[in-house]
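Below: one structure, written as structure tokens.
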Amino acid sequence: MDRSDNELVASVKSGNTSCYEELVVRYQPRVFGLVRRHAKLDSEVADIVQEIFIKAYTKLASFRGDAPFEHWLMKLATRTCYDFLRKHQRSRERPLADVTEDEQRWLETIDSGQKDDSNAAAASQLVNKLLDQLSAEDQLVIRLLDLEGNTVREIFQITGWSVSLVKVRAFRARGRMRKLLEQLETEKYL
Amino acid sequence: MLRLAALEPANEQVPYAFEKGIMAQIRGLRIEDPLSEWASAFWKACIPCVGLAAVTFVLVLSSSPEVPNAGHEQVQAPLVLEDLILAALYDEGGPL
Chain A
12 MDRSDNELVA
22 SVKSGNTSCY
32 EELVVRYQPR
42 VFGLVRRHAK
52 LDSEVADIVQ
62 EIFIKAYTKL
72 ASFRGDAPFE
82 HWLMKLATRT
92 CYDFLRKHQR
102 SRERPLADVT
112 EDEQRWLETI
122 DSGQKDDSNA
132 AAASQLVNKL
142 LDQLSAEDQL
152 VIRLLDLEGN
162 TVREIFQITG
172 WSVSLVKVRA
182 FRARGRMRKL
192 LEQLETEKYL
Chain B
8 MLRLAALEPA
18 NEQVPYAFEK
28 GIMAQIRGLR
38 IEDPLSEWAS
48 AFWKACIPCV
58 GLAAVTFVLV
68 LSSSPEVPNA
78 GHEQVQAPLV
88 LEDLILAALY
98 DEGGPL
């Protein structure tokens, strides 16, 4: 019978380190999924996930069990990704990468006013290219709010940013993305 | 565009035996921690002790009125130090 998260955590806290492996196995797919939304290179993804699980182990004493272990772990994972983004923020002077054919086709269907819900992959790639041009804070708010579907309240709990700050950041980030998209579409015709 | 991008499922693939690497790192952490904690505590205790000793020395120096044998030019430093420290006790009518 599978032990619950709280039982495993209690076991690790009382000195049985091997129980932590079961927690890692249980949550590593979700953590990998979350980290891959924030970091692109595979080598970076593995390093960040490793850092998250080691941080979680060293901070396990601070987990009181008020909320599910999964929420606590995902919060810690998001904060670690944000710290990574800030440390490795690429220069915004770098020009936007060329669009691929799929992205091009998807942009054209949008331009013509049609709705194309079949090509989520192309939209996702395009969104990631645009997000790469934004600051770490803007990237985080768009990923948490629009891509992962968190509420503003949840974002406040994860980041500590006030509700109004989250809303203002999201509004400005979307505006910047719109401008970058217009720039892409203009360059297409040059 | 964002709504559509959100539909794209996250890639949750995990490298083979990834958890083994994590556990190896954690076990390495566990062994190192007690030593580094002890060393850190030792240095934290050492610095205030040295500081306290220095302050005490300065206070005794400044409070003692006359130091026996201080006029002799060839007085050895350890004897002068001893006299300095004991001078306060001589004056206060202590055990000596």
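For the record, the sequence lines run as chains A and B. Each residue of the first sequence is one higher than the one before, counting from 12 in this note's numbering. Each residue of the second sequence is one higher than the one before, counting from 8 in this note's numbering. Quick reminder that beta carbons are idealized off the backbone N, C-alpha and C, glycines included.
Residue-level contact check: residue 11 of chain B touches chain A, since one or more beta carbons of chain A fall below 9 Å from its beta carbon. DSSP, reduced to helix, strand and coil, places residue 75 of chain A outside both helices and strands of the structure shown, so it counts as coil.
Per DSSP, the continuous alpha helix (DSSP H) segment holding residue 17 of chain A begins and ends at 16–24. With a cutoff of 9 Å on beta-carbon distance, residue 89 of chain A and residue 36 of chain B are scored as not near each other.
Close to residue 44 of chain B, with beta-carbon spacing below 9 Å, lies no residue of chain A; the smallest spacing is near 13 Å. The DSSP assignment places complete alpha helix (DSSP H) segments of no fewer than 4 residues inside the segment 158–192 of chain A at 163–170, in order along the chain.
Shown here, residue 60 of chain A sits in a helix according to DSSP, grouped into three states. For residue 32 of chain A, the nearest CB of chain B lies under 9 Å from its own CB, placing it at the interface with that chain. Along the segment 46–61 of chain A, going in chain order, the ones with a CB nearer than 8 Å to a CB of chain B are 47, 48, 57, 60 and 61. For residue 145 of chain A, the secondary structure class from DSSP, reduced to helix, strand or coil, is coil.
Interface residue (Cβ-Cβ distance to chain B less than 9 Å): residue 155 of chain A is not classified as such.
Residue nearest to residue 44 of chain A within the set B:69, B:15 and B:86 is B:15 (criterion: CA-CA distance). Here the alpha carbons of residue 150 of chain A and residue 35 of chain A stand approximately 27 Å from one another.
Annotated three-state conformation of residue 30 of chain B is helix, per DSSP.
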